[in-house]
Ligand SMILES: [Zn+2]
Ligand SMILES: [Zn+2]
């Protein structure tokens, strides 16, 4: 007798083992039709799995969030089958599921062309229509290697050869085609549906190693429903339009070049934006009770050894040699801040101590991983460390969350989501301390009222942490802020304070950042606003453009007055048509254009054209100054209503 428990608590007793799909049919034919896979005691399996013991059974439907991974995995197989049908002799290698989709790496002498993707996609739809049954087979390892070698699939043979000794070799077959795979899979190719699309081609080294042959990667996306695919493609299109690399170039904000890969050349306007954001953050930090410091760029290996970074982070560090010493460009500021803390004696009365730095850091990233401002090698963190007592963790967490929410809101991001990660298996510190810190964090997070999720066991070995994600204008989520409790670093670097009891105690260190890195955050801002920054952040806030040369002197006068009022103004007195000038500055995302001609010079007025509006309004020069001085106030300096 077998007892199968269903999610609703119902129990079914059976006399003999039964296949999961048959079991589904016995409950309801519609269930069998809709199910994609089955979860047996929490483990996802094929519908063909035989249920032969007491277990908890859950059928996975199309609309289940976990079903996406299955669909994408199947899409990768169908892609590989389509490619091999169309281009015989192409070898398959690996084809994993990734965020929003999948890819497959192929070895083929001839290159694929973008127009091939359409052809391959059409064949994929054919394979879906064929509705080939997908079956799982267990193979003998040697047979599997021989089989794949025999059909010229040398990469597959190598993958099988390298699998752990005790791993069962499973092959999934769909129609004539088969692939090495751990599974599970959909019951047939028809279940994939129509909601998939191939997106692009890329090169990728076999096993990610540049000394290996270059393979051809085909990226695709797959969804449960066509409407989801449509939404996703729309989002991609929006993201393409907002690409910060293109907008950054159009607006002349920054550039990057081979000689300093992963590092930013800030141009005049980009640097203006950067400094505005930095000044804003500096004011917020001061208001939040932080003080600012600056620590060295190059630090002796010895300190990194003591802090543990040399051991754990070495591959990301740039190291140089001088006077027979090894120095590393700092990849983070934390150990330096402990050096500052260690100067002099700190009393419990001095805590919490909030030490901030716009810390310039360098971390090695493989060149293939670099991506505009979003993934760089040289960056500046809006970093700070809070040294406090255990009893202050809770109030400091709350304070931090409030500051972060305020800053995100003022920068235009209202939708924030928190990830809370608690103790991992391997950790330092006593459980009582973890209990305390975890409770302090979770309670502080709950007090924010913001939505949050838990990532059990994903904290660092030295303490629990929070990650703060913001959602941008097109719904993408970006992890920017972090808050990390650390019981370890102050201890290993010898930080202590004199407690109320007169004895020395080790402070708790809270690592925290709000923007994350200035560079990446500016990248996010560019994409979020599509370059149309709020007035206070716009690198050029106003252009005074002339209709006629006779207004040149007046234009210069207007610009001078506005400049004196602290606004960022330019004049355009070129001998061009006014519509041409307006078009050009609109393209450059200048928020306001002041048009001046004979009439304006005469009446000492300006005609205002706002970005994105066809309307033109007249203002006196005084009104213009007043209006724009108000608008240029950063959000933290505006009068609070
Ligand atoms: Zn598979
Ligand atoms: Zn830190």
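In our numbering, the protein residues as written are -4 to 636.
Glycine included, each C-beta is placed from N, C-alpha and C at the ideal position.
May I ask which residues mark the beginning and end of the alpha helix (DSSP H) holding residue i?
{"i": "residue 437", "result": "426 to 443"}
{"i": "residue 332", "result": "329 to 336"}
{"i": "residue 412", "result": "It is not in any alpha helix (DSSP H) - residue 412 instead sits in the beta strand (DSSP E) that spans 411 to 416."}
{"i": "residue 16", "result": "15 to 22"}
{"i": "residue 79", "result": "62 to 81"}
{"i": "residue 392", "result": "388 to 405"}
{"i": "residue 121", "result": "111 to 125"}
{"i": "residue 322", "result": "No alpha helix (DSSP H) contains residue 322, which is instead part of the beta strand (DSSP E) from 320 to 324."}
If we ignore side chains and look at the alpha-carbon of each, how far apart do residue i and residue j end up?
{"i": "residue 553", "j": "residue 563", "result": "12 Å"}
{"i": "residue -3", "j": "residue 177", "result": "27 Å"}
{"i": "residue 42", "j": "residue 49", "result": "17 Å"}
{"i": "residue 456", "j": "residue 418", "result": "7 Å"}
{"i": "residue 479", "j": "residue 14", "result": "48 Å"}
{"i": "residue 458", "j": "residue 635", "result": "38 Å"}
{"i": "residue 81", "j": "residue 115", "result": "7 Å"}
{"i": "residue 128", "j": "residue 184", "result": "7 Å"}
{"i": "residue 366", "j": "residue 372", "result": "10 Å"}
{"i": "residue 527", "j": "residue 63", "result": "35 Å"}
{"i": "residue 559", "j": "residue 551", "result": "12 Å"}
{"i": "residue 107", "j": "residue 169", "result": "24 Å"}
{"i": "residue 413", "j": "residue 105", "result": "47 Å"}
{"i": "residue 445", "j": "residue 608", "result": "36 Å"}
{"i": "residue 85", "j": "residue 140", "result": "18 Å"}
{"i": "residue 213", "j": "residue 53", "result": "33 Å"}
{"i": "residue 427", "j": "residue 163", "result": "42 Å"}
{"i": "residue 573", "j": "residue 539", "result": "11 Å"}
{"i": "residue 620", "j": "residue 529", "result": "17 Å"}
{"i": "residue 368", "j": "residue 521", "result": "10 Å"}
{"i": "residue 591", "j": "residue 599", "result": "9 Å"}
{"i": "residue 410", "j": "residue 465", "result": "6 Å"}
{"i": "residue 117", "j": "residue 204", "result": "32 Å"}
{"i": "residue 76", "j": "residue 120", "result": "11 Å"}
In the DSSP assignment, the beta strand (DSSP E) including residue i goes from what residue to what residue?
{"i": "residue 622", "result": "Residue 622 -> not in any beta strand (DSSP E); alpha helix (DSSP H) instead, spanning 616 to 626."}
{"i": "residue 292", "result": "No beta strand (DSSP E) holds residue 292; DSSP gives it neither H nor E."}
{"i": "residue 197", "result": "191 to 200"}
{"i": "residue 447", "result": "447 to 450"}
{"i": "residue 130", "result": "129 to 134"}
{"i": "residue 32", "result": "32 to 35"}
{"i": "residue 591", "result": "587 to 591"}
{"i": "residue 174", "result": "172 to 175"}
{"i": "residue 569", "result": "Unbroken run through residue 569: none, as it is neither H nor E."}
{"i": "residue 164", "result": "164 to 169"}
DSSP has residue i in a bridge; who is on the other side?
{"i": "residue 564", "result": "537"}
{"i": "residue 7", "result": "-1"}
{"i": "residue 97", "result": "92 and 215"}
{"i": "residue 378", "result": "352 and 508"}
{"i": "residue 464", "result": "412 and 474"}
{"i": "residue 345", "result": "Residue 345 is not bridged to any residue."}
{"i": "residue 492", "result": "500"}
{"i": "residue 266", "result": "Paired residue(s): none; residue 266 is not in a bridge."}
{"i": "residue 286", "result": "350"}
{"i": "residue 223", "result": "Its beta-bridge partners do not exist; DSSP assigns none."}
{"i": "residue 548", "result": "Its beta-bridge partners do not exist; DSSP assigns none."}
{"i": "residue 316", "result": "321"}
{"i": "residue 40", "result": "33"}
{"i": "residue 577", "result": "Paired residue(s): none; residue 577 is not in a bridge."}
From the options, pick the residue whose C-alpha is nearest to that of residue i; which is it?
{"i": "residue 93", "options": "278, 483, 68 and 84", "result": "68"}
{"i": "residue 518", "options": "105, 254, 272 and 64", "result": "272"}
{"i": "residue 281", "options": "31, 262, 180 and 349", "result": "349"}
{"i": "residue 318", "options": "617, 148, 295 and 404", "result": "295"}
{"i": "residue 398", "options": "54, 437 and 507", "result": "507"}
{"i": "residue 73", "options": "44, 90, 31 and 60", "result": "90"}
{"i": "residue 422", "options": "384, 440 and 482", "result": "482"}
{"i": "residue 151", "options": "118, 585 and 101", "result": "101"}
{"i": "residue 462", "options": "259, 400, 345 and 230", "result": "400"}
{"i": "residue 375", "options": "427, 579, 219 and 512", "result": "512"}
{"i": "residue 594", "options": "96, 436 and 541", "result": "541"}
{"i": "residue 264", "options": "606, 404 and 565", "result": "565"}
{"i": "residue 135", "options": "629, 148 and 175", "result": "175"}
{"i": "residue 642", "options": "78, 601, 45 and 612", "result": "Nothing in the structure corresponds to residue 642, since the chain is present only between -4 and 636."}
{"i": "residue 88", "options": "232, 147 and 21", "result": "147"}
{"i": "residue 601", "options": "610, 305 and 616", "result": "616"}
{"i": "residue -1", "options": "24, 47 and 358", "result": "47"}
Do residue i and ligand 4 come close, with the Cβ less than 7 Å from some heavy atom?
{"i": "residue 176", "result": "No copy of ligand 4 appears in this structure; the ligands present are ligand 1 and ligand 2."}
| field | Distance cut 5 Å, beta-carbon to ligand 2 heavy atom: residue list by chain order | value | 329 and 506
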